[in-house]
Amino acid sequence: MKNKSAFTLIEVMIAITVFAIGVLAVLRLITQNLVTLDATQSRTMATFLAKEGMELVYNMRDSNINKWLPWDCILKTGFVIDAFGTIDPEQVCAWNFSSWNQNQVLQISFSSEWYTYTLPVVVWANFAALRNENRLWYATWDVWWHQIFWYSSRPVAEQDPTFFSRYILFTGVREWNTILPHTSIMKIESHVSYIKGTKTWEVILESFIWNR
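Residue numbers for the sequence shown follow the UniProt record's numbering, beginning at 1 and rising by one.
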């Protein structure tokens, strides 16, 4: 009788051990799936933000052309159009990105009324500073009693920073050993970086922009 009891106890202990191993394996698999899902969601959002940066640049070019402004005009923040609707490029354009002689950074965002652009934040020697200076912020505005949410590169009161940063890089286009004129075509890179855990990730989309 004692031998049977001892054997039964061993069976129970083995069964509990096998069950515990199975539960731990399932929990580990669930945890890994959650981590993978979170990483996928973050990378997908970063890709969307990088794509949005590209679209904002093209919209900037098209809007400039429609307003008879230089195609590469970077609008001053807070500019005012006079009563006749006149737009003077010298009064409106803070900078023209095709006039840059080296790689430059452009922050770009939009609000409910305007596309906005800020002057370059160039800190190539310090990646952390580059990321912090180009941080994206949560922003909302009310439309017909509903709040519309978007990511803004211009922090204002009561906005929270996100873990995403975005900047647009303009560079010359090389044809063999010659750099094509910046006034006709340029290469654009939309960079979105983010931190998950202890690692920094980055999504980069590339395209070209020209003066028509």
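Where is the CB? At the ideal position from N, CA and C, for every residue including glycine.
Within the region 178-211, no run of alpha helix (DSSP H) at least 4 residues long lies entirely inside it.
Phe208 is classed as exposed because its beta carbon has fewer than 16 other beta carbons within 10 Å across all chains shown.
The alpha-carbon separation between Met13 and Ile21 amounts to approximately 12 Å. When rounded, the separation of the alpha-carbon atoms in Gln41 and Leu24 is 25 Å. Between the region 42-52 and the region 176-188, the count of C-beta pairs closer than 8 Å stays below three; the two stretches do not touch. Under the three-state reduction of DSSP output, Leu75 falls in the strand class.
Judged by DSSP in its simplified three-state form, Asn134 adopts coil rather than helix or strand.
Under DSSP, Tyr151 takes part in a beta bridge, and its partners are Tyr138. Going by DSSP, Trp95 is part of the beta strand (DSSP E) stretching over 93-96. Annotation for Asn96: Pro70, Asp72, Cys73, Ile74 place their beta carbon closer than 8 Å to its own, counting only its chain and skipping 5 residues before and after. Pairing Met60 with Trp210, the inter-Cα distance amounts to about 12 Å.
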